[in-house]
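Protein chains in written order, with the working numbering: chain A, 251 to 886; chain B, 629 to 846.
Data first, discussion second: the structure below is written as structure tokens.
Spelled out as structure tokens, the structure:
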């Protein structure tokens, strides 16, 4: 390092940066970004027109515009650009671009960790060009692009604070600039609108690609892509339960149902769901709150399950579920007819469903929320969320359109169908409660629902005639399933779809290679596990899980229990954070990684750094998961 | 209209209104500078270097190297060249010989060159001990920045010079290293304005025309 003859024996850079901090604070507080005047030719027009638009008439009288000074020198962030990227073997690379005619001082470059979790080694700065300074003596300067490589000992993701100072050869010096960069996303603090966002390293993961599209793509293609993504999500366990809910509402609508009416009911449901999904998503992104987890509190889940039990009983014909009379009259006077209220209540159930049922995180959701939170493009993000929710709801509209046609109008059949949907409501209620209950209790609940199904099949709507053959077959299957569930509850099985898994395992000695998760709860646990993995040269997988997350359970069931996935993860240290409780420790873990919620799986290379571009969000089946592992291992 | 359609219409109108409102808001916020997709944005914004220049000289009081406070009003009635600089800024230091000459010329008897060092006082005192500066220097840190900002600098950079006429009006400001011809042209125009020979706006236009060709562009 070449010496700087600092006046008091100190290096001036350190002292300068203290002033600079204050300067930047001042600049940050008082100025707002404004459109830059166009260069050269249009400068007169820009000078004349632009200030007038923002100035009050009074200001116009007392101020005059600085001539063409604005165009002589580049703003500091155009003179010097810096981007951070993850380099090979645990190094961060800082890519500096220096405009022609400008230079940075090598000795005034400071690179330090920006947070307590990041540990950096000594930066490797290239030699510069020697420049004679009349006061400080020979100085090393960088008049062109250069790369500084910094060893990253720890950080997830590493954040780097750098301070740099430079001048224009034509005679202007900028005060020291301080920037905080996060390594691993390939995106930096000052790439500006012209920078290729999501360029190198930034756009690998599905959510990052979607976020980049959302922030920069054409609106119609954004909406199309998010609608399509919603369609794909509609058939995941997060959205699927909405189909029996909506079908039940339509079936329970009564004898006046027409195809149009049932379609409009489904439109109400989908709109209620989509508007709530959009509003809750935008609000959580703006407030930084965990709306998703908030709606998984015990009393809300119990209340919602209770609502479905009440709906089921109404389907069984025990009573008519109606709004309170006072509300009914209000709606009656408002709409002239009483039946409008049905649409409102359907929309409300749709709204509640979106909050309580669809509590899963998927790549398009993460993309939309991060764009809202990070760029403030609320309308764009919210439109994308709305398109996503409409995509998820599109199959429901099909249900509504066909439901009115397929359902019988009246008669004994109608009674049976209504009761079957009542059983489906009971199933939804049991599914809601499953997240709160120990497995054996959930098994018994499901067994109870299956028993109700047997009863409906054999007894309801028969008018003394004995049950037909298919009814008997279905009832037999339901009864067998109920029996299996009871056995499963007793044997300690955990998956209601495979209640006899434990029982069957008694017979065979070769049990599948089950994945051994190391449970972590706190940041300290995580750091300890990461340190252990680093010592042993292991890669690390960290899975975020919650009991209320349907996709997480699906991942456990279909992906993590797959023997091929188990053997592919043999050399990994496999961690799991259960964030069901959503307490302070859980929130700290989620915040550290900027994770919106489960299911999210983070991957760390052997140097203990999270490769954010390989983060998985949402459900992935065993095949896709193994392909992801292979591409992660093939990466640098 | 059936109640179903009525509810549907009400719902759509509400959603449409909300979406339209949000877009109008976003458009207003982003038409100037579309937000880049960044993960962490801790940087100061990057606008053009100069905002509007005030009509009248701002008031500020700063200390001299000996620690005595001075208000800029002390030099009222004189032609004032306020030069913001720093010891670590090479182009600023290059200007000092020119400013020394201007301050020492007998012809410029009612011209005051006022140096405002935006720097640490110790560094400035060390510098003044080695380099002769023959005009008054005041020192400011944050308050020095505030004074420069009051003259219309938004994106702080040095050197920055403001010319104030004998009536306290800010005639012009200059960002970057001063060139002798430009400075002399500016001072001559201010003399003519203060003598009542020229309107101030006409003088500014003349200055812009005279200096346009000499300035480097990038």
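Here a beta-carbon is modelled for each residue, glycine too, at the ideal position from N, C-alpha and C.
With a threshold of 8 Å between beta carbons, is residue i in contact with chain A?
| i | result |
| --- | --- |
| residue 808 of chain B | no |
| residue 719 of chain B | yes |
| residue 783 of chain B | yes |
| residue 695 of chain B | no |
| residue 644 of chain B | no |
| residue 826 of chain B | no |
| residue 775 of chain B | no |
| residue 804 of chain B | yes |
I'd like to know whether the C-beta of residue i is nearer than 8 Å to at least one C-beta of chain B.
| i | result |
| --- | --- |
| residue 365 of chain A | no |
| residue 421 of chain A | yes |
| residue 857 of chain A | no |
| residue 384 of chain A | yes |
| residue 325 of chain A | yes |
| residue 795 of chain A | no |
| residue 408 of chain A | no |
| residue 509 of chain A | no |
| residue 425 of chain A | yes |
| residue 669 of chain A | no |
Following the continuous alpha helix (DSSP H) through residue i, name the residue where it begins and the one where it ends.
| i | result |
| --- | --- |
| residue 401 of chain A | Per DSSP, residue 401 of chain A belongs to no alpha helix (DSSP H); it is in the beta strand (DSSP E), 396-404. |
| residue 379 of chain A | From DSSP, residue 379 of chain A is part of no alpha helix (DSSP H) but of the beta strand (DSSP E) over 379-383. |
| residue 488 of chain A | Unbroken run through residue 488 of chain A: none, as it is neither H nor E. |
| residue 760 of chain B | From DSSP, residue 760 of chain B is part of no alpha helix (DSSP H); its letter is neither H nor E. |
| residue 466 of chain A | 456-466 |
Cβ of residue i within 8 Å of Cβ of residue j?
| i | j | result |
| --- | --- | --- |
| residue 359 of chain A | residue 414 of chain A | yes |
| residue 836 of chain A | residue 769 of chain A | no |
| residue 845 of chain A | residue 619 of chain A | no |
| residue 600 of chain A | residue 518 of chain A | yes |
| residue 373 of chain A | residue 398 of chain A | yes |
| residue 855 of chain A | residue 789 of chain A | yes |
| residue 738 of chain A | residue 481 of chain A | no |
| residue 747 of chain A | residue 816 of chain A | no |
| residue 614 of chain A | residue 460 of chain A | yes |
| residue 704 of chain A | residue 729 of chain A | yes |
| residue 364 of chain A | residue 409 of chain A | yes |
| residue 416 of chain A | residue 329 of chain A | yes |
Less than 8 Å between C-beta atoms, sequence neighbours within five positions excluded: which residues of the same chain meet that for residue i?
| i | result |
| --- | --- |
| residue 604 of chain A | 522, 523, 524, 526, 527, 530, 639 |
| residue 324 of chain A | 349, 352, 418 |
| residue 647 of chain A | 513, 516, 517, 520 |
| residue 719 of chain B | 786, 787, 804, 805 |
| residue 371 of chain A | 400, 401, 402, 403 |
| residue 395 of chain A | 345, 346, 347, 348 |
Along the chain, where does the beta strand (DSSP E) containing residue i start, and where does it finish?
| i | result |
| --- | --- |
| residue 791 of chain A | 789-795 |
| residue 720 of chain A | Where residue 720 of chain A is concerned, there is no enclosing beta strand (DSSP E), although the alpha helix (DSSP H) it sits in stretches over 719-741. |
| residue 417 of chain A | 416-418 |
| residue 708 of chain B | 707-713 |
| residue 701 of chain B | Careful: residue 701 of chain B lies outside any beta strand (DSSP E) and carries neither H nor E. |
| residue 355 of chain A | 352-355 |
| residue 363 of chain A | 360-363 |
| residue 825 of chain B | Careful: residue 825 of chain B lies outside any beta strand (DSSP E) and carries neither H nor E. |
| residue 427 of chain A | 427-432 |
Taking 6 Å as the limit between beta carbons, can you name the residues of its chain near residue i, skipping five residues before and five after?
| i | result |
| --- | --- |
| residue 672 of chain B | With a pLDDT of only 32 at residue 672 of chain B, under 50, the local geometry of the prediction cannot be trusted, and the value read off the model is given with reservation. Taken in chain order, the list of residues that qualify is empty. |
| residue 513 of chain A | 650, 651 |
| residue 464 of chain A | 472, 617, 621, 634 |
| residue 884 of chain A | none |
| residue 561 of chain A | 675 |
May I ask you to list the residues that DSSP assigns as paired with residue i?
| i | result |
| --- | --- |
| residue 828 of chain A | A:795 |
| residue 369 of chain A | A:404 |
| residue 874 of chain A | Per DSSP, none; premise fails for residue 874 of chain A. |
| residue 346 of chain A | A:332, A:396 |
| residue 374 of chain A | A:399 |
| residue 800 of chain B | B:791 |
| residue 768 of chain A | A:825 |
| residue 390 of chain A | A:380 |
Within a Cβ cutoff of 7 Å, which residues of the same chain sit near residue i, ignoring the five residues on either side of it in sequence?
| i | result |
| --- | --- |
| residue 305 of chain A | Because residue 305 of chain A sits at a pLDDT of 36, beneath the cut-off of 50, its placement in the model cannot be relied upon, and the following sentence gives the value as read from the coordinates. Nothing meets the Cβ criterion. |
| residue 636 of chain A | 524, 528 |
| residue 303 of chain A | Low per-residue confidence applies at residue 303 of chain A: pLDDT is 36, beneath 50, and the placement is therefore not dependable enough to give any value. |
| residue 487 of chain A | 800, 801, 804 |
Would residue i pass as an interface residue toward chain D - the criterion being a Cβ-Cβ separation below 8 Å?
| i | result |
| --- | --- |
| residue 417 of chain A | The structure shown contains no chain D; its protein chains are A and B. |
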